[in-house]
Structures are given as structure tokens and as C-alpha cells.
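See structure below.
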Amino acid sequence: MFRGSSFHTIDPKGRIVIPARFRDVIKAGGADGIMITGWDKCLFAYPHDKWGELEQKILHSPQKSEAIRRFQRLFVGGAHDCKCDAQGRVLVPPMLKHYAGLEKEIVLVGVLYRFEILSREIWDKENGLMAKDLGEDQVRHEIAQLGL
21 MFRGSSFHTI DPKGRIVIPA RFRDVIKAGG ADGIMITGWD KCLFAYPHDK WGELEQKILH
81 SPQKSEAIRR FQRLFVGGAH DCKCDAQGRV LVPPMLKHYA GLEKEIVLVG VLYRFEILSR
141 EIWDKENGLM AKDLGEDQVR HEIAQLGL
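The letter at position 31 of the sequence shown is residue 51 when you use the working numbering, and the numbering goes up by one with no holes.
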């Protein structure tokens with residue numbers, strides 16, 4: 021599982037360093053790379069085994085609506101297989117780099133079975149939104165349901 025956050029930079033070629041603890045999870049899934057796709061103005065990165073499970077769920081989904089077809093087109097169609105190099109870096113495809121607004125400062129955030137790659141600006145904005153959300157009773161109740 022992916023946990024924790026790391027602050028990094030993306031180099032001019034679009035390469036990012038994957039933290040060693042994340043690389044260990046990726047290798048445990050039997051691969052030397054990840055599948056990266058765009059969603060919600062950030063990038064979702066999956067080890068190949070988890071990506072395969074997700075594809076199977078999407079493939080066997082009884083939902084065949086126009087919205088689901090659009091989702092498949094964008095989420096699956098926009099995915100890229102990205103290999104880790106010897107230094108533990110991954111090259112983010114230009115299209116995905118642009119989609120997520122990754123310019124220099126980035127944050128990698130472990131979110132259980134995937135990790136997310138966000139611009140530092142989006143990360144700071146998300147933290148502000150979460151602080152605001154915690155002031156709402158419904159959100160506090162939902163979080164309490166998790167046992168916190």
C-alpha cells in the first residue's frame with residue numbers, strides 16, 4: 021500500500037523521482053513501472069497489478085452509459101505505461117504533465133492502492149479545502165465512521 025507524502029521537483033525533461041518506499045510497492049506488484057493517467061487535475065499512478073484489477077472492473081461493469089464510455093475514453097485511453105529507470109525516475113508523458121499543471125514543485129501522495137502526483141499549488145489548495153471541510157458536521161461524521 022502507498023502511504024505518506026513526498027515533496028519533489030519535476031525536471032525539464034518531465035522526469036520525477038519515485039520515493040524508495042513507493043518503488044518497493046511497485047516491485048512487489050511484479051513490475052518495474054507504473055500506469056499513469058489523469059483525473060481530477062492530478063495524476064493517478066498504479067502498479068501494474070492494481071491497474072489490471074481496475075481494468076477488469078471497468079471491463080465488466082454493467083454500466084454502459086454515455087458518461088461511462090466518456091470516462092473509459094479519458095481515464096483508460098489517457099493512461100501511459102511508464103518505466104522506472106536505474107535512478108528510480110519515471111518520465112511523465114507531456115500530455116499528462118500538461119493536464120496536471122506539473123511545472124517544477126510537485127507532491128507525491130500515497131493513497132492506499134495508488135499514489136497521486138500533484139502540483140504543489142494543487143496540494144496546497146487541497147489542504148485548504150480539507151481544513152474547510154472539517155468544519156462541516158457531515159464531513160466530520162463521515163470521517164468518524166472510519167473510526168477516527
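Even glycine gets a Cβ: it sits at the ideal position worked out from N, Cα and C.
Predicted, not measured: the structure shown is a model, and the values here were computed from it.
- If you draw a straight line from the Cα of Pro32 to the Cα of Gln76, it comes to about 35 Å.
- With a contact defined as Cβ atoms closer than 8 Å, Ile30 and Val112 qualify at about 7 Å.
- In the three-state DSSP reduction, Arg35 falls in the strand class (E or B).
- By the Cβ-count criterion, Val110 is buried, with 16 or more other Cβ atoms from all chains shown falling within 10 Å of its own Cβ.
- Rounded to whole angstroms, the separation of the alpha carbons of Gly72 and Phe135 is 16 Å.
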